[in-house]
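K.L.:
So the protein lines, in turn, are chains A and X.
Residue numbers for the first sequence, in the working numbering: 1 to 201.
Residue numbers for the second sequence, in the working numbering: 1 to 101.
Don't be surprised by glycine CBs; every beta carbon is placed ideally from N, CA and C.
Treat the numbers as computed from the prediction; the structure is a model and nothing was measured.
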Amino acid sequence: MNLASGVQIVTFAILAAMMIGAALGVVLFNNIVHSAFMLGGVFVSIAGLYLLLNADFVAAAQLLVYVGAVNVLILFAIMLVNKEENFVSLPNAWLRKVLTGLVSLGLFALLSTMVLATPWSYSTGTPVENSIVLIGEHFFTDFLLPFELASILLLMAMVGAIILARREYLPPQETSDQLPQTVLELPERPKELVPAGSKDN
Amino acid sequence: MQLQYFLLLAAALFSIGIYGIVTSRNAVRVLMSIELLLNSVNLNLMAFSNYLDSTLIKGQVFTVFVITVAAAEAAVGLAIVLAIYRNRETVDMEQFNLLKW
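Quick look at the structure:
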């Protein structure tokens, strides 16, 4: 990307501030729906950072997969499980938060010390112009096996999610020897009908 | 622009994700914190790909794989949360003690 370095610095600062603020919102907000929208903000900021790192394809993939799929999936899950419930307050909850904050700060200190102390060997080659072509070459030559395994993994995850989220069904004990009529139908427990707008749901 | 800025930013995001995983009570928020962790790792990979390996951008390929695995993880994790919610009628992490001694 041909931006002046001052423009790059300012863009990086804005994106970094957006990302850290939104991530703190994800963790600290009380309302989980607000947290989910903040998570979308984190994903969009990270896509902007990818653009700063000369990666247009991965930025588009980040927007499509994370903002378009994962965030919407999380919102749907929140809608399905978002019962008003007051969690039973634990004794020593503040102690847990303080300790976890200390551990996180220590982790950040360790990681930043490592980052600043390591002599990185910067590459001297010119950055590629067309990253999509290069990524496609990697996918179909030296990363072909992981690429195919990823498709199998996605299929397994889809089947597993369907099986897990399905209502469980206890088949009735019948000993008839005739073949079932609907072989291709997945048995499912009938859903309890709840009138719309009922208070207790 | 330097590599260290991006690495420090990713480290900060990782620490926030760790804090969210340990302290949150809602199971969906734990999954959201896991997404934060995966994104910080992706940011590291992309920074290395741009600054240390700018001719063969293998970091971007790895990032695409991590995005794939993260999408699969989100689907299965949310299905597990739905199944637990259907059985226990709660999403409180403190009450998911089925396998706890």
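1. Using CA atoms only, rank isn't needed, just tell me which of 32(X), 53(X), 73(X) and 52(X) is closest to residue 159(A).
2. How would you write the range of the alpha helix (DSSP H) that residue 151(A) sits in, first residue to last?
3. For residue 135(A) and residue 57(X), which I take to be in contact (beta-carbon distance under 8 Å), what is that distance rounded to the nearest angstrom?
4. Could you name the residues of the region 41–71 of chain X whose beta carbon sits closer than 8 Å to any beta carbon of chain A, in the order they occur along the chain?
5. State yes or no: is the beta carbon of residue 48(A) nearer than 9 Å to at least one beta carbon in chain X?
6. Which one or two residues does DSSP pair with residue 26(X) in a beta bridge?
7. Are there 16 or more other CB atoms within 10 angstroms of the CB of residue 82(X), so buried, or fewer, so exposed?
8. Among 154(A), 106(A) and 47(A), which has the Cα closest to the Cα of residue 70(X)?
9. Quick check on this structure: which residue in 49(X), 26(X) and 30(X) has the alpha carbon closest to the alpha carbon of residue 90(X)?
10. So, using beta-carbon positions, are residue 35(A) and residue 93(X) closer together than 9 Å?
11. Put residue 122(A) into one of helix, strand or coil per three-state DSSP.
12. Would you mind telling me which residues of chain X sit closer than 9 Å to residue 74(A), beta carbon to beta carbon, in chain order?
13. For residue 165(A), which residues of its own chain have a beta-carbon under 6 Å away from its beta-carbon, when the five flanking residues on both sides are left out?
14. Which whole-angstrom value describes the C-beta separation of residue 85(X) and residue 101(A), a residue pair presumed to lie in contact below a C-beta threshold of 8 Å?
15. By a C-beta neighbour count over all protein chains shown, 10 Å radius and 16 as the cutoff for buried, is residue 96(A) buried or exposed?
16. Once you ignore the five residues that flank residue 11(X) on each side, which residues in its own chain have a CB closer than 6 Å to its CB?
17. Taking just the CA atoms, how far does residue 141(A) sit from residue 29(A)?
18. Is residue 19(A) close to chain X? Criterion is C-beta to C-beta, closer than 9 Å.
P.N.:
To lay it out plainly:
1. 73(X)
2. 144–165
3. 7 Å
4. 42, 43, 46, 47, 49, 50, 51, 52, 53, 54, 55, 56, 57, 58, 60, 61, 63, 64, 65, 67, 68, 69, 70 and 71
5. no
6. Per DSSP, 92(X).
7. buried
8. 154(A)
9. The residue with the shortest Cα to Cα distance from residue 90(X) is 26(X).
10. no
11. Residue 122(A): coil per DSSP, three-state reduction.
12. 28, 31, 32, 35, 74 and 78
13. none
14. Contact doesn't hold; Cβ gap of about 29 Å is too wide.
15. An exposed status is given to residue 96(A), since fewer than 16 other beta-carbon atoms sit within 10 Å of its beta-carbon.
16. none
17. 45 Å
18. yes
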